[in-house]
């Protein structure tokens with residue numbers, strides 16, 4: 540299954556710059572691992588307000604439980620508000636033939 544995942548990250552007040560940098564570094568490494576495993580198919584950065592981290596991703600997982608485990612494995616997950624939309628093929632999808 541494929542899922543559209545909208546992730547908005549808010550760093551908790553009082554978090555040190557060092558912890559933010561370390562968490563972002565680990566997030567990038569984990570994202571590369573998940574992409575290599577076939578879970579992250581695409582990532583986009585929509586326009587952001589100052590201080591906002593917003594990412595939209597196309598993820599693949601067997602089901603919603605596996606997707607939840609994938610998302611929870613991401614270092615920034617504790618700071619994220621996540622909205623998930625399960626996707627199914629559209630009969631008129633030009634890429635689905």
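In the working numbering, the protein residues as written are 540 to 636.
Beta carbons: idealized from backbone N, C-alpha and C, even for Gly.
In this text the structure is predicted, and so the values were computed from the model without any measurement.
Alpha helix (DSSP H) segment containing residue i, residue limits
i, result
"residue 562", "556-575"
Cut-off 7 Å between Cβ atoms - residues of its own chain near residue i, not counting five sequence neighbours on either side
i, result
"residue 626", "541, 542, 543"
"residue 609", "573, 578, 598, 600"
"residue 624", "542, 543"
"residue 606", "542, 598, 600, 623"
In DSSP terms, what residue i is bridged to
i, result
"residue 548", "592, 619"
"residue 582", "596"
Residue i and residue j closer than 9 Å at C-beta
i, j, result
"residue 550", "residue 583", "no"
"residue 595", "residue 586", "no"
"residue 548", "residue 620", "yes"
"residue 554", "residue 615", "no"
"residue 617", "residue 545", "no"
"residue 613", "residue 569", "yes"
Residue i: CB within 8 Å of a non-hydrogen atom of the ligand ATP
i, result
"residue 605", "What this structure holds is no ligand at all, so the ligand ATP is not there to describe."
Close beta carbons around residue i, own chain, < 8 Å, minus the five adjacent residues each side
i, result
"residue 602", "540"
Worksheet item: What are the complete beta strand (DSSP E) segments, minimum 3 residues, inside the segment 585-636?
Response: 592-599, 619-626
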